Amino acid sequence: MSEHMKREAVLRPLIFETGSPESRCIESPALDIPDVDISSVLGGFARAQQPHLPHVTEVEIARHYEHLASVNFGVDSGFYPLGSCTMKYNPRIDEWACRLPGFAGAHPYQPAETVQGALGLMWGLQEALGEISGLPAVSLQPAAGAHGELTALMAIRAYHVANGDVRARVIIPDSAHGTNPATVAMCGYSVTQVPSNERGGVDLEALKAALDTDVAAIMLTNPNTLGLFEENISEINRLVHEVGALAFCDGANLNAILGRARPGDMGFDAMHINLHKTFATPHGGGGPGAGPVCVTEALAEFLPGPVIARDSDGSFMPVTPSRSIGRVKSFLGNFGVLVRAYTYICALGAEGIRDVAEQAVLSANYLKERLRGTYDLAYDRTCMHEFVLSGERQRKQHGVRTLDMAKRLLDHGVHPPTVYFPLIVHEAIMIEPTETESLEVLDGFVDAMLAIAAEVEADPEMLHAAPYTTPVRRLDEAAAVKQPDLAWKPAE
Amino acid sequence: MNPKDLRYDKEHEWVKVDGEVAVLGISDFAQDQLGEVVYVDLPAVGDELVAGESFGEIESVKSVSELFSPISGEIVEVNEALGDAPETVNEDPYGDGWMVKVKMGDASELDALMSADEYEAFVAEEA
Amino acid sequence: MRFIPVSCEQREHMLHAVGVRTVDELFEVIPADVRLTRPLDLPDGMSEIDLAAQIEALASSNTSGLVSFLGAGCYDHYIPAIVDAVVSKPAFFTAYTPYQPEISQGTLQAIYEYQSMICSLTGMDVSNASMYDGATAFVEAALMAARFTKRHRVVVSAAAHPEWLEVLATYAESGMIDVVTCPAVGGRTDVDALAELVTDAAAVLVASPSFLGCVEDLSVIGDIAHAAGALFVVAANPILLGVMEAPGVLGADIVVGEGQPLGNAMSFGGPGFGFFACRQQFIRQLPGRVVGRTSDVDGRPGFVLTMQTREQHIRREKATSNICSNQALNALTAGVYLASVGMSGLAGIGRSCIARAHYLRDALIATGRFSAANAAPFANEFALRYDGDVAAMQHAMLERGFLAGLDLSRFSSDYAGLVLFAVTEKRTRAQMDRFVGEVVSL
Numbered sequence: 004m005s006e007h008m009k010r011e012a013v014l015r016p017l018i019f020e021t022g023s024p025e026s027r028c029i030e031s032p033a034l035d036i037p038d039v040d041i042s043s044v045l046g047g048f049a050r051a052q053q054p055h056l057p058h059v060t061e062v063e064i065a066r067h068y069e070h071l072a073s074v075n076f077g078v079d080s081g082f083y084p085l086g087s088c089t090m091k092y093n094p095r096i097d098e099w100a101c102r103l104p105g106f107a108g109a110h111p112y113q114p115a116e117t118v119q120g121a122l123g124l125m126w127g128l129q130e131a132l133g134e135i136s137g138l139p140a141v142s143l144q145p146a147a148g149a150h151g152e153l154t155a156l157m158a159i160r161a162y163h164v165a166n167g168d169v170r171a172r173v174i175i176p177d178s179a180h181g182t183n184p185a186t187v188a189m190c191g192y193s194v195t196q197v198p199s200n201e202r203g204g205v206d207l208e209a210l211k212a213a214l215d216t217d218v219a220a221i222m223l224t225n226p227n228t229l230g231l232f233e234e235n236i237s238e239i240n241r242l243v244h245e246v247g248a249l250a251f252c253d254g255a256n257l258n259a260i261l262g263r264a265r266p267g268d269m270g271f272d273a274m275h276i277n278l279h280k281t282f283a284t285p286h287g288g289g290g291p292g293a294g295p296v297c298v299t300e301a302l303a304e305f306l307p308g309p310v311i312a313r314d315s316d317g318s319f320m321p322v323t324p325s326r327s328i329g330r331v332k333s334f335l336g337n338f339g340v341l342v343r344a345y346t347y348i349c350a351l352g353a354e355g356i357r358d359v360a361e362q363a364v365l366s367a368n369y370l371k372e373r374l375r376g377t378y379d380l381a382y383d384r385t386c387m388h389e390f391v392l393s394g395e396r397q398r399k400q401h402g403v404r405t406l407d408m409a410k411r412l413l414d415h416g417v418h419p420p421t422v423y424f425p426l427i428v429h430e431a432i433m434i435e436p437t438e439t440e441s442l443e444v445l446d447g448f449v450d451a452m453l454a455i456a457a458e459v460e461a462d463p464e465m466l467h468a469a470p471y472t473t474p475v476r477r478l479d480e481a482a483a484v485k486q487p488d489l490a491w492k493p494a495e
Numbered sequence: 294m295n296p297k298d299l300r301y302d303k304e305h306e307w308v309k310v311d312g313e314v315a316v317l318g319i320s321d322f323a324q325d326q327l328g329e330v331v332y333v334d335l336p337a338v339g340d341e342l343v344a345g346e347s348f349g350e351i352e353s354v355k356s357v358s359e360l361f362s363p364i365s366g367e368i369v370e371v372n373e374a375l376g377d378a379p380e381t382v383n384e385d386p387y388g389d390g391w392m393v394k395v396k397m398g399d400a401s402e403l404d405a406l407m408s409a410d411e412y413e414a415f416v417a418e419e420a
Numbered sequence: 000m001r002f003i004p005v006s007c008e009q010r011e012h013m014l015h016a017v018g019v020r021t022v023d024e025l026f027e028v029i030p031a032d033v034r035l036t037r038p039l040d041l042p043d044g045m046s047e048i049d050l051a052a053q054i055e056a057l058a059s060s061n062t063s064g065l066v067s068f069l070g071a072g073c074y075d076h077y078i079p080a081i082v083d084a085v086v087s088k089p090a091f092f093t094a095y096t097p098y099q100p101e102i103s104q105g106t107l108q109a110i111y112e113y114q115s116m117i118c119s120l121t122g123m124d125v126s127n128a129s130m131y132d133g134a135t136a137f138v139e140a141a142l143m144a145a146r147f148t149k150r151h152r153v154v155v156s157a158a159a160h161p162e163w164l165e166v167l168a169t170y171a172e173s174g175m176i177d178v179v180t181c182p183a184v185g186g187r188t189d190v191d192a193l194a195e196l197v198t199d200a201a202a203v204l205v206a207s208p209s210f211l212g213c214v215e216d217l218s219v220i221g222d223i224a225h226a227a228g229a230l231f232v233v234a235a236n237p238i239l240l241g242v243m244e245a246p247g248v249l250g251a252d253i254v255v256g257e258g259q260p261l262g263n264a265m266s267f268g269g270p271g272f273g274f275f276a277c278r279q280q281f282i283r284q285l286p287g288r289v290v291g292r293t294s295d296v297d298g299r300p301g302f303v304l305t306m307q308t309r310e311q312h313i314r315r316e317k318a319t320s321n322i323c324s325n326q327a328l329n330a331l332t333a334g335v336y337l338a339s340v341g342m343s344g345l346a347g348i349g350r351s352c353i354a355r356a357h358y359l360r361d362a363l364i365a366t367g368r369f370s371a372a373n374a375a376p377f378a379n380e381f382a383l384r385y386d387g388d389v390a391a392m393q394h395a396m397l398e399r400g401f402l403a404g405l406d407l408s409r410f411s412s413d414y415a416g417l418v419l420f421a422v423t424e425k426r427t428r429a430q431m432d433r434f435v436g437e438v439v440s441l
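Chains as they are written, first to last, in my numbering: chain B, 4 to 495; chain D, 294 to 420; chain A, 0 to 441.
Below is the structure:
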């Protein structure tokens, strides 16, 4: 961890508590047109009391946010092996691309002939994602992964409804992300959970028992959240289709199989893709992302509109599919994110994209082998891009929980892996290194994990209070819930 | 230790019978598993409880658990103090951390519940 | 280009440590029948210099330098230079969701400050950490009102943005809510019709300014909603909230909107962000993330994601929403923007937009080619009826370097002949005078 992330850092007052009341940053120019009487033109609804906004000069803004940045950890700060989140390096050419005035300054309602570059880029991205997923029809509209899941499930629902087929349930394995069941509920379906088998895959017998003509779809993550490729995927999707249900692939883990396998070829009917995972667009501290949906030809007409079509004369036009579920968002999608992903795909090309999966899988297996023995493996199989350890042994033998070990990693300058997920593994530690980390970084992480395992045995008490060196230490989350302080208010 | 005069169920709820009225709460084991309780969502006076069905929720910072009623009956009192001080459930699960008082519909439902000794054996097995 | 920092030699070392000879062996866990045995049908990779040229060519094939009067939910406001300088800091944009608060205080504090600003702008007690966009925040408000009131039907004003109405209809297909549309009259909600429709409604949803730019009489609508026990949801344009009354003062229970005007580039319509604020009493039904202030074990103040039991990763199918992200970087952008314009600056920008919009509208009506579409008070945006072929006029003006507003016939035949003009503080008197002069000459 860099020096300024250390404990000595002085915490910054709120921006509201910075500057003096007369401080200004941006001044409005004088009006070159007649002024208006605001209250009368607004029909009497002029603001009576001004909002409480900061009063700061530009240098104070620069320093305030520079300080906040200095107490924030990003991929550029160090290793970020957050399982299922694919925290890979964000190439700077992508940032440059989305800021080009021709893209950043375009208005979504400009006439199509004035935005052929933007529409052409979107069309190109649709084509590329269709090829990568093996599902040729693509909507770029959803703003995030969960939004993509919802969009795909809505399209599946519309497909069944169009066939006069009323179905009520969606099947989800017990290893699924929480967004899957939440999406099912938002779509008006009920969740049927199926257990995992002893190899970490879907229990086929349980699946067969759950399947009937009341099932609208299955939602599967493949590779799944244990980092394991679903061995019976063809059989699962065959069984699903046999009862007239459709198969949705949660694309969270697409990074593992790029150029090596395609959900469309596995029998999936629809998937979403997290551009902010697989295609290197930055996570932004929680967004913006983009969650394009790819579907079979049979589902294409249900996609949200508009999608981008290419005319016979080579021009690009937004068009709404014939039986579209309707919009799921304003305008065309998170275009700035689409520009980054398209640029990334162009940079890598077919071969480079396949290299991503190869290195991501090799790096994960390398870490797994090096940590084997010191930590228990939840499932001892060749993994894909991530794997799951269990801290159950450390808990039982030394009373140290996975949370404690995760917090101790912060003292080692590493962002902890995903912990306590998937829910089916006790004290889970889910590690995804991605392809963009060097061998030195991977070995450094192993060293930190081994050092912590030794600390667990030597001084378990010490771990309960970790971290020690971060700008703040463990925060009182219970107090945050019981006495919620969600906004600064000026002193009365 | 778990008080001997209470009855327990497999959802880690306890029942204390006082004439027609039963007091409900969660066990010491349950509060320990949850961690610091930050919110308790309880029904209103007059609501009907059905044995085996959910009557509320209890939350820690990172978990939500449903409260399942061991018995049937009508709510006659709710522990309003938990609204401001949900941590009372941790501090005094068998006393001030009680949740609701119920006018029992069918006292024979109590027969299916465990004694303190039986409950302790059950917990030992679960852990 | 590749972004893989592992050498061939290191790769051999790693393969050896794993106990395989080739990477192909690792991929044997994929059943043979679903393995891809051909290369992806995509172009070859490129060097950065070639890539930059290709992308720049695409960007510059968009027509730029046009003087724009387009708005309708996406606005060409000035973005202070400090804004991009801040949001370009890698520690912000390369970070994940702040699940480890000890090393995420920057994102967390910035969002807390953002939430505070949104609360103050809207007159609400609580704001979440932002949502996908204004339209989806509008939908989430309807769903939240349904949960809170345990009612099923929401009444939405037809005067709101047509795309927002469409998104609401898409979500309503799930059966979670029924949507009833209250007709519009003169660009605003028909309050007499609303009074008829509001019975048993979970919520009344309106936008002010409306899609046609008109200022709604929120007090009257709020009274109608509340008398029926419905929540009052108001969509606002945040850049106007330095001069327009806070919806919270006028009775709103939930205030949402599209945050793009606050320092975010138009970017062909995204990413912007949705803001979502409400009264304290709805806090447990709030969708999305929220940041709270607390303290650490040493008593130092700090920030955390809080009230997470509402969310999908804990409550799964019973969560308040399936949303699992926010538009954190766009919310940060808005925070930096609001800090840079400050209290008086925001009011100045609002005043400037409103004054310019009134100047342009008067000038266009004075040409005799345009007439008022309605008589309602308006702010930064207004609709006019053109006495000729709208498409031909817009095409001719495009050739003269102008984006001449939005032809509203694209949304509905009810809007045929209407053009929606938006005016920001960036439009100068000279540009507007030239526009009016050219339009007259057609």
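For every residue, glycine included, the Cβ atom is placed at its ideal position computed from N, Cα and C.
Model, not experiment: these values are computed from the prediction.
- Val357 (chain D) is outside the set of residues whose beta carbon lies under 9 Å from a beta carbon in chain B.
- The Cβ atoms of Leu69 (chain A) and Leu405 (chain A) lie closer than 9 Å to each other.
- Contact residues of the region 326-341 of chain D toward chain B are Glu329, Val331 and Tyr332 (C-beta to C-beta distance below 7 Å).
- In the three-state scheme derived from DSSP, where H, G and I count as helix and E and B as strand, Glu346 (chain D) is classed as coil.
- At the C-beta level, Val173 (chain B) and Val141 (chain B) stay beyond 9 Å of one another.
- A straight line joining the alpha-carbon of Phe424 (chain B) with that of Trp391 (chain D) spans about 32 Å.
- When secondary structure is reduced to three states using DSSP, Asp413 (chain A) falls in the helix class.
- Under a 10 Å Cβ-count criterion, Tyr162 (chain B) is classified as buried, with 16 or more other Cβ atoms of the shown protein chains found around its own Cβ.
- Classified as buried, Val205 (chain B) has 16 or more neighbouring CB atoms from the shown chains inside 10 Å of its CB.
- Every alpha helix (DSSP H) stretch that sits fully inside the region 453-480 of chain B and reaches 4 residues is listed by chain position as 463-467.
- Against chain B, a Cβ distance below 9 Å from Glu424 (chain A) picks out Ser31 and Pro32.
- Excluding the 5 residues flanking it on each side, Ala220 (chain B) has same chain C-beta neighbours closer than 6 Å at Ile159, Val173, Ala248, Leu249 and Phe251, in chain order.
- According to the DSSP assignment, Gly301 (chain A) belongs to the beta strand (DSSP E) that extends over Pro300 to Leu304.
- Taking a cut-off of 8 Å for Cβ pairs, the region 69-83 of chain B and the region 20-27 of chain A do not touch, as fewer than three such pairs fall below it.
- From the beta-carbon of Ala481 (chain B), the residues of chain D found nearer than 7 Å are Glu329, Val331 and Val354.
- Restricting attention to B:Phe82, B:Phe334 and B:Arg102, the CA atom closest to the CA of Gln144 (chain B) is found in B:Phe334.
- In this structure the region 394-404 of chain D lies against the region 350-370 of chain D, because at least three pairs of beta carbons, one per stretch, are closer than 8 Å.
- Take the alpha-carbon of Glu424 (chain A) and the one of Tyr192 (chain B): they are about 47 Å apart.
- For Lys410 (chain B), not one C-beta of chain D is nearer than 9 Å to its own C-beta.
- Of all residues in the region 375-407 of chain B, none has a C-beta nearer than 7 Å to a C-beta of chain D.
- Beyond the five residues adjoining it in sequence on each side, Ala109 (chain A) comes within less than 7 Å, by CB distance, of Leu331 and Gly334 in the same chain, given in chain order.
- DSSP, read as helix, strand or coil, puts Tyr170 (chain A) in helix.
- At a Cβ-Cβ threshold of 9 Å, Ala483 (chain B) and Arg292 (chain A) count as neighbours.
- For the set B:Gln397, B:Glu458, B:Val475 and B:Glu389, the Cα lying nearest the Cα of Thr89 (chain B) is the one of B:Glu389.
- The distance from the Cβ of Leu153 (chain B) to that of Cys190 (chain B) is about 6 Å, consistent with a contact at the 8 Å cut-off.
- Taking Leu229 (chain B) as the centre and dropping the five residues before and after it, the same chain places the C-beta of Ser178, Gly203, Ala381, Tyr382, Val391 and Pro425 closer than 7 Å to its C-beta, in chain order.
- By the 16-neighbour rule on beta-carbons within 10 angstroms, Gly376 (chain B) is exposed.
- Contact between the region 297-305 of chain A and the region 259-268 of chain B is absent: fewer than three C-beta pairs spanning the two stretches fall below 8 Å.
- For Glu130 (chain B), the enclosing alpha helix (DSSP H) stretches over residues Gln119 to Ser136.
- If you check the CB distance, Ala140 (chain A) and Ile253 (chain A) come in under 9 Å.
- Look at Glu419 (chain D): its C-beta is not under 9 Å from any C-beta on chain B.
- Any Cβ of chain B closer than 9 Å to the Cβ of Pro386 (chain D) would place that residue at the interface, and such an atom is absent.
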